[in-house]
Amino acid sequence: MARDENGRMLICNPTSGSGNHVDRVVELAGEYGLAVRRTEGEGHARELAREAAPDVDLVAAAGGDGTINEVVNGMAEADALEDTTLGVVPGGTGNNFASNVGIEGVEDAFEVIDDGERRDLDLGVTNERAFVNSCVCGITAEASGATSSEEKDRFGILAYLLKGIEQVSEFDALPLRVELGGGEGQPVRWEGEAMFVLVGNCRRFTTARRAQANVEDGEFEVAIIERASAADLAGEAAFGGLFGEDGNDAIVRRRAPSLSIEHREGETVEYSLDGEMLAAEALELRTHAGALSVAVGDGYRPDPDADDGGLGIGAGDAR
Numbered sequence: 388m389a390r391d392e393n394g395r396m397l398i399c400n401p402t403s404g405s406g407n408h409v410d411r412v413v414e415l416a417g418e419y420g421l422a423v424r425r426t427e428g429e430g431h432a433r434e435l436a437r438e439a440a441p442d443v444d445l446v447a448a449a450g451g452d453g454t455i456n457e458v459v460n461g462m463a464e465a466d467a468l469e470d471t472t473l474g475v476v477p478g479g480t481g482n483n484f485a486s487n488v489g490i491e492g493v494e495d496a497f498e499v500i501d502d503g504e505r506r507d508l509d510l511g512v513t514n515e516r517a518f519v520n521s522c523v524c525g526i527t528a529e530a531s532g533a534t535s536s537e538e539k540d541r542f543g544i545l546a547y548l549l550k551g552i553e554q555v556s557e558f559d560a561l562p563l564r565v566e567l568g569g570g571e572g573q574p575v576r577w578e579g580e581a582m583f584v585l586v587g588n589c590r591r592f593t594t595a596r597r598a599q600a601n602v603e604d605g606e607f608e609v610a611i612i613e614r615a616s617a618a619d620l621a622g623e624a625a626f627g628g629l630f631g632e633d634g635n636d637a638i639v640r641r642r643a644p645s646l647s648i649e650h651r652e653g654e655t656v657e658y659s660l661d662g663e664m665l666a667a668e669a670l671e672l673r674t675h676a677g678a679l680s681v682a683v684g685d686g687y688r689p690d691p692d693a694d695d696g697g698l699g700i701g702a703g704d705a706r
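Letter by letter, the sequence shown follows residues 388 to 706 in my numbering.
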């Protein structure tokens, strides 16, 4: 099929969130000239995006962060990231990415798709899979499945950790080796017992009020939470230390364009990429700077230092 430079495709997940968005999304898609394809199950959004992306100018994802993750992976598999823009229509339980790119609702999303600014955002890649918000280890698949919609709305991906803490009196630490590279000087290596490791790509890679990362700087924000009791991690105060609001000796923070994470005893670890689970003994993560063209809203700001503070990370934060 010849490429249609005016073609625009919307991939709609009818089961994301409450599903109440679907009729309005389809109606607006017709008004704005987007062809609509509905997903029929897990992985279908990825398949639809892979098929459509080489032949259209824009692929929009209507759903939550998981739907967006699938669509972006489909675009990447089709080798269409350079020529195809991503549009975002919030309709899921977790809409972190839509908020990150300044989308304020369904109607606003279509206005942005139609004439909003296009920005080239960083994309995280690990083990041949892409992610836009975050990659986290130390979160079990069982905790992910047990997390409520309300908890996801409030805490994003870290809601899975909270659910795990609720289910066990002590959260088993993981014997990990983390090596951060790609910057100036020698790679930085950390080894120890970690409760979890959070690798953030997007401006807010959880739903915390503070911004955490610059999505156009070609670097990840990395937080390693060392061994601590479940009680110490259960309160919201723990998140303040994670995001740099308070000092905490149990939290190691660093910026890096690439890193590796591996279990020191060769065991499989559960990882979450934008809420989608992956099991692996080791991961190699890297940023593809400016790889993802996205239609962004008027409220989009790439730099967390611009209006609400950054992490204030220094070289001494890694060891």
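Beta carbons are placed, not taken as given, at the ideal position from N, Cα and C, and that holds for glycine. Since the structure is predicted, the reported quantities are computational estimates derived from the model, not experimental observations.
Original post:
From the DSSP output, which residues share a beta bridge with His675?
Top reply: In the DSSP assignment, His675 is bridged to Leu510.
Subject >> Beta-carbon gap between Gly587 and Ser521 smaller than 8 Å >> reply: yes
**OP:** State the start and end residues of the unbroken alpha helix (DSSP H) segment that holds His650.
**Re:** His650 -> not in any alpha helix (DSSP H); beta strand (DSSP E) instead, spanning 645 to 650.
**OP:** Look up Glu606 in the DSSP assignment and say whether it is helix, strand or coil.
**Re:** Note: Glu606 maps to coil in three-state DSSP.
**OP:** Using only alpha-carbon positions, find the residue among Pro441, Gly417, Ala439, Thr454 that is nearest to Glu427.
**Re:** Nearest of Pro441, Gly417, Ala439, Thr454 to Glu427, Cα basis: Thr454.
Original post:
Roughly how many whole angstroms lie between the Cα atoms of Leu679 and Glu654?
Top reply: 33 Å
**OP:** Report yes or no: do the region 486 to 506 and the region 640 to 656 share at least 3 C-beta pairs separated by less than 8 Å?
**Re:** no
Original post:
I think Cys524 touches Ile648, with their Cβ atoms under 8 Å apart; what is that distance to the nearest whole Å?
Top reply: 6 Å
**OP:** With Ser486 as the anchor, note down where its beta strand (DSSP E) starts and where it stops.
**Re:** Segment 483 to 487 is the alpha helix (DSSP H) holding Ser486; no beta strand (DSSP E) there.
**OP:** Tell me whether the beta-carbon of Asp452 lies closer than 8 Å to the beta-carbon of Asn483.
**Re:** yes
Original post:
Residues in its own chain within less than 7 Å of Glu606 by CB, not counting five upstream and five downstream?
Top reply: Arg642, Ala643, Pro644, Thr674
**OP:** Count the other CB atoms, across all protein chains shown, that sit within 10 Å of the CB of Arg640; report buried if there are 16 or more and exposed otherwise.
**Re:** Within a 10 Å sphere around the beta-carbon of Arg640 sit 16 or more other beta-carbons, which makes this residue buried.
Subject >> Per DSSP, cross-strand counterpart(s) of Arg424 >> reply: Ile398
**OP:** Evaluate the contact criterion for the region 396 to 406 versus the region 428 to 444: three or more CB pairs, one atom per stretch, below 8 Å.
**Re:** yes
**OP:** Helix, strand or coil for Val681, going by three-state DSSP, please let me know.
**Re:** strand
Original post:
By Cβ distance below 6 Å, which residues in the same chain neighbour Pro689 in space, the five residues on each side in sequence not counted?
Top reply: Asn601, Val602, Glu603
Original post:
With 16 as the cutoff for other CB atoms within 10 Å, does Asn487 come out buried or exposed?
Top reply: buried
Original post:
Looking at C-alpha atoms only, which residue of Leu468, Val443, Asn514, Leu445 is the closest neighbour of Gly677?
Top reply: The residue with the shortest Cα to Cα distance from Gly677 is Leu468.
Original post:
Apart from the five residues on each side of it in sequence, which residues of its chain come closer than 7 Å, Cβ to Cβ, to Asp685?
Top reply: Gly489
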